[in-house]
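Number of protein chains: 2
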Amino acid sequence: MELLKEKIQQDGQIISDHILKVDSFINHMVDPDLMLEIGHEFARRFAKQEITKVLTIEASGIAVGLTTAMALKVPLLFAKKQRPSTLEQGYYSSNIYSFTKNQSVDVFVAKQYITSDDKVLIVDDFLARGEALRGMASLVRQANAELVGIGIVIEKAFQGGGQQLRESGVRIESLIRINSLAGGKLDLID
Amino acid sequence: MELLKEKIQQDGQIISDHILKVDSFINHMVDPDLMLEIGHEFARRFAKQEITKVLTIEASGIAVGLTTAMALKVPLLFAKKQRPSTLEQGYYSSNIYSFTKNQSVDVFVAKQYITSDDKVLIVDDFLARGEALRGMASLVRQANAELVGIGIVIEKAFQGGGQQLRESGVRIESLIRINSLAGGKLDLID
């Protein structure tokens, strides 16, 4: 994923020791070609896992999730942050705390769209402390589905979420891993 | 868009006289092949307009927006419903009232990503009373960009938003137009 690395080096903005802003190509404005490459890369890495569904969370996971689902030729399911009035037929829910936003949200998926037959790949744009991923993994568990792995565009390794999840036995594939943003300097792993 | 019509007829659920639920293929679970076709169809209809940017609103507009942006080979910009802490360099905002959710939200786009040079195509999954579209059109106007048109997957024509917007001079292309959902019966226009 040289294209992704170049984009981050050129257009990523380091806002603080913890925040890398990628608003110009990932999570506000979206570069379609880059997203297609990201989707293909996740599909390549998980090609042997017979994935039946890609799961992500609205809103900024949807673009990554859709191109991954396209490449794997399976449906995308995105967890919702509001229980829609039309989601009356039963749902799984999970509470997710966002350190960035300093608030927690409940997320929902309708029970009928994730079952014990599913082999699920979770994808998201960022992995920091892993709260959103733990919430999504809980949804998969509640459905008795199989969590095949997690695909992450940018892992902020210094925030520890990835390590915790890997130690719990989850396979995580991160396209970019950041060792540090300290002093306004982007220090990548590898 | 026969595929879309078939999907709606087969899998759409009429919840009330005003609500058609398409959660199984558009706005909770997403069918990637259908989304690709939708994106290509919008690109075909607006092929001559030299569009430079596709604008939508999180969350359920993103999948439609991304495939349209792919087909047009331009960036996707999605308006955010929360002003992110990292969006400090100035933004345009607009207030949108949702009759479905009975609440209003402010939506934001960063000023730097939409300029007076842009020819903007707005896309969204649904058009009902047109509140979200008016909000997005306002963002385009604030930026002095050109609003080339609007692409809608499903227009609930009986709610009048499309008529109002067309009368104001906006070109709207809706892939499916619903005349009525009364009595649990899907009555399509054309």
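Heads up: the protein sequence lines correspond to chains A and B, in order.
Residue numbering for the first sequence follows full-length UniProt numbering, beginning at 1 and increasing consecutively.
Residue numbering for the second sequence follows full-length UniProt numbering, beginning at 1 and increasing consecutively.
Where is the CB? At the ideal position from N, CA and C, for every residue including glycine.
It should be emphasised that the depicted structure is a prediction, and the values quoted were computed from it without experimental measurement.
Close beta carbons around residue i, own chain, < 6 Å, minus the five adjacent residues each side
i, result
"A/Ser-180", "Phe-158, Asp-187"
"A/Val-140", "Val-120, Leu-147"
"A/Arg-171", "Gly-149"
"A/Leu-36", "Thr-67"
"A/Arg-83", "Phe-108"
"A/Ser-94", "Val-107, Gly-135, Ser-138, Leu-139"
"B/Ala-182", "Asp-17"
"A/Asn-27", "Ser-60, Asp-125"
"B/Thr-100", "none"
9 Å Cβ cut-off: residues of chain B touching residue i
i, result
"A/Ala-63", "Ile-62, Ala-63, Gly-65, Leu-66, Leu-76, Phe-78"
"A/Met-70", "Pro-32, Asp-33, Met-35, Leu-36, Thr-67"
Beta-carbon neighbours of residue i, restricted to chain B and to distances below 8 Å
i, result
"A/His-40", "Ordered by position in chain B, no residue passes the 8 Å Cβ test against A/His-40, which lies about 13 Å from the chain."
"A/Tyr-113", "Asp-23, Ser-24, His-28, Met-29"
DSSP three-state assignment for residue i, whether helix, strand or coil
i, result
"B/Lys-7", "helix"
"B/Gly-161", "helix"
"A/Ile-15", "coil"
"B/Leu-181", "coil"
"A/Gly-65", "helix"
"A/Ser-168", "coil"
"B/Glu-187", "Here residue 187 of chain B turns out to be Asp, not Glu, going by the sequence shown. DSSP places B/Asp-187 in strand when its eight states are reduced to three."
"A/Gln-89", "coil"
"A/Gly-149", "strand"
"A/Met-29", "strand"
"A/Phe-42", "helix"
"A/Lys-101", "coil"
"B/Ala-128", "coil"
"B/Ala-59", "coil"
"B/Glu-155", "strand"
"B/Val-140", "helix"
"B/Glu-50", "coil"
"B/Lys-111", "helix"
Within chain A, the residues that residue i reaches when beta carbons sit closer than 8 Å
i, result
"B/His-18", "Residues of chain A passing the Cβ test: none, with the nearest at roughly 11 Å."
Cβ neighbours of residue i in the same chain (closer than 7 Å, five flanking residues each side left out)
i, result
"B/Gly-184", "Ile-14"
"B/Tyr-113", "Leu-77"
"A/Leu-3", "Leu-34, Glu-37"
"B/Gln-164", "Gly-130"
"B/Glu-50", "Lys-119"
Within chain A, the residues that residue i reaches when beta carbons sit closer than 7 Å
i, result
"residue 191 of chain B", "Missing from the structure shown is residue 191 of chain B; chain B here goes from 1 to 190 and no further."
Own chain, CB closer than 8 Å to residue i, minus 5 neighbours either side, in chain order
i, result
"A/Asp-190", "Arg-177"
"residue 193 of chain A", "Here chain A covers residues 1 to 190 and nothing more, so residue 193 of chain A does not appear."
"B/Lys-5", "Ile-176, Leu-188"
Exposure of residue i, with buried meaning 16 or more beta-carbon neighbours within 10 Å
i, result
"B/Gly-162", "buried"
"B/Lys-156", "buried"
"A/Gly-135", "buried"
"A/Thr-115", "exposed"
"B/Asp-17", "exposed"
"B/Lys-21", "buried"
"A/Lys-53", "buried"
"B/Gly-151", "buried"
"B/Asn-102", "exposed"
"B/Ala-47", "exposed"
"B/Ala-145", "buried"
Residue i Cβ short of 7 Å to the ligand MG heavy atom set
i, result
"B/Val-105", "The model on display carries no ligand, and the ligand MG is accordingly not part of it."
C-beta atoms of residue i and residue j nearer than 8 Å
i, j, result
"B/Val-74", "B/Val-153", "no"
"B/Ile-96", "B/Val-107", "yes"
"A/Glu-58", "B/Glu-58", "yes"
"residue 194 of chain A", "A/Asp-125", "Only positions 1 to 190 of chain A appear in the structure, and residue 194 of chain A is not among them; the question remains open."
"B/Ala-71", "B/Gly-39", "yes"
"B/Glu-167", "B/Phe-42", "no"
"residue 199 of chain A", "A/Tyr-92", "Since the first residue of chain A shown is 1 and the last is 190, residue 199 of chain A is not available in this structure."
"A/Asp-33", "A/Ser-24", "no"
"B/Ile-19", "A/Ile-62", "no"
"B/Leu-175", "B/Met-29", "no"
"B/Ala-69", "B/Gln-89", "no"
Partners in chain B for residue i, counting only beta-carbon separations shorter than 7 Å
i, result
"A/Ala-110", "Asp-23, His-28"
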